[in-house]
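The structure under discussion appears below in the form of C-alpha cells.
In the working numbering, the protein residues as written are 60 to 381.
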C-alpha cells in the first residue's frame, strides 16, 4: 500500500549483518539501521508517537506550537511531523551540538534556541529552558525525557521488529541511552519474549549512567564529545532495571568505530553508532552462544560533517603526476 505521507515511512528499518568488522567473533553482530528513517534517526519513531499520543488525548491544539529540548535528532523528527500535521516547532539545544543539526532544523522551519552546556540542576540547562518557555508561552512541551510515549514507541515498534527479524533468536541487544526510551522499550519487549537475552547499555566515558548499572550509584561526571547519548542524571524514561550490563566507551573508540562502519561496512552513521558497535563487538567476542548480538545505529553521518572527528577522517588522494 502506498504511504499517505512521509510519516508512514517511519520504522521497519533493515537489520544488517556486520560481516567485516565482526568477522570471526563468537556471535554474529546485526545492526538495526535506524539512520535510514526518513528524518535520519531513531528519533523519528518517538516524535510521531508523542504527537499521536497528544492528539489522541486532546492536549495538542490544531496549529499549535511544539517545543522540545533536543540534541537535534528528536527535533528533526518533530519537524517532519510538524510539517505534515501543521504545527509550529521550537527546539532548544545545548551549544555542543553540531552546526549541521542546527542548519537541518532551520531548513525544516523550526526555530532553534541555543543554550550553554549546563547540568540538569542549572536553570540554563536546555531542558529547563524549554520547560520555562512552554509554561510562559503556552507551547506544548513534547518532553521526550519524561513522556511515556517515548519508551512505548520502542516497546510497540522497534522491539517487535527486531524480534521478527531475528526469528526470536537474539543473544543480546546493545544501545546507548539519551532519553533511555530505546533501550527501555526494546529491553522490556525482548525480556518478555526472548529467554536469556542480555540488554547492554553502551555509555560514553564521562556519562554517569553506566555507574548506576554497575554499582547502583551514579558514576563520575566528565565531558565527552559523542552526541545524543549519556547523561549526568538518569532520565525519567530510563528503566534501569531492564539493563543487565553497561560498557563504557571513549570518544576515541567511538569515533574510530564509526569510521570503520563507514569505510568497511558502507554504513553512513554518526558517532553514537560507533559507541554502540564498539560495545557490541565486546559482547559478541565473549558470547557463550551463537545467537546474534543486535546493535542499534541511532543516526546518520550527515549531521556531523562539521565536527572535527568527521573532518579528520576525510582523506583526499591526489592523482599521480603525469
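All C-beta atoms in this analysis are idealised placements derived from N, C-alpha and C, irrespective of residue type, glycine included.
Taking DSSP as the reference, what is the three-state secondary structure of residue 192?
Within the chain shown, the letter at position 133 stands for residue 192. Note: residue 192 maps to helix in three-state DSSP.
Taking DSSP as the reference, what is the three-state secondary structure of residue 334?
If you number the chain shown from 1, residue 334 lands on position 275. If DSSP states are grouped into helix, strand and coil, residue 334 belongs with the helices.
Presumed contact (8 angstroms Cβ cut-off) between residue 265 and residue 281, rounded CB distance
The residue you call residue 265 lines up with position 206 of the chain shown. The residue you call residue 281 lines up with position 222 of the chain shown. 3 angstroms between Cβ atoms; contact.
Relative to the C-alpha of residue 248, which candidate in 261, 231 and 235 has its C-alpha closest?
Reading the chain shown from its first residue, position 189 is the one you call residue 248. Answer by Cα proximity: 231.
Leaving aside the five residues before and after residue 391 along the sequence, list all residues of the same chain whose C-beta is less than 7 angstroms from its C-beta, in chain order.
The first residue shown for the chain is 60 and the last is 381, placing residue 391 beyond what the model contains.
Applying the 10 Å Cβ sphere with the 16-neighbour rule, what's the burial state of residue 118?
As a first step, residue 118 is located in the chain shown; it is residue number 59 there, counting from the start. Exposed.
Residue environment, residue 368, which counts as buried when at least 16 other CB atoms sit within 10 Å:
Stepping through the chain shown from its first residue, residue 368 is reached at position 309. Per the 10 Å Cβ criterion, buried.
What did DSSP end up calling residue 228 once you bin it into helix, strand or coil?
The count along the chain shown starts at 1 and reaches residue 228 at position 169. Residue state, collapsed to three classes: coil.
Would you mind reading off the limits of the alpha helix (DSSP H) that contains residue 318?
Counting from 1 along the chain shown, the entry for residue 318 is found at position 259. That run of the alpha helix (DSSP H) goes 310–324.
Spell out the partners DSSP gives residue 358 in its beta bridges.
Sequence index remark: in the chain shown, residue 358 carries index 299 (1-based). Per DSSP, 100.
Alpha carbon to alpha carbon, how far is residue 307 from residue 69? Give it in angstroms, no decimals.
As a first step, residue 69 is located in the chain shown; it is residue number 10 there, counting from the start. As a first step, residue 307 is located in the chain shown; it is residue number 248 there, counting from the start. Spanning the two alpha carbons is a distance of roughly 30 angstroms.
Starting from residue 90, trace the beta strand (DSSP E) both ways and give me its first and last residue.
Your numbering for residue 90 matches position 31 in the chain shown. Per DSSP, residue 90 belongs to the beta strand (DSSP E) from 88–92.
What are the start and end residues of the alpha helix (DSSP H) that includes residue 161?
Residue numbering aside, residue 161 sits at position 102 when the chain shown is read from its first letter. It spans 158–166 - the alpha helix (DSSP H) in which residue 161 sits, taken as one unbroken run.
What is the DSSP secondary structure of residue 282, reduced to helix, strand or coil?
For the purposes of this step, residue 282 is taken as the residue at position 223 of the chain shown. Of the three classes helix, strand and coil, the one that applies to residue 282 here is coil, per DSSP.
Ordered along the chain, which non-local residues of its own chain (more than five positions away) have a Cβ less than 8 angstroms from that of residue 341?
For this step, residue 341 is matched to residue 282 along the chain shown. These residues qualify, in order along the chain: 306.
I need the straight-line Cα distance from residue 143 to residue 128, nearest angstrom please.
For this step, residue 143 is matched to residue 84 along the chain shown. For this step, residue 128 is matched to residue 69 along the chain shown. Distance between the alpha carbons of residue 143 and residue 128: 21 angstroms.
From residue 76 to residue 121, what does the alpha carbon distance come to, in whole angstroms?
Walking along the chain shown from the start, residue 76 turns up at place 17. Walking along the chain shown from the start, residue 121 turns up at place 62. Cα to Cα, residue 76 sits roughly 43 angstroms from residue 121.
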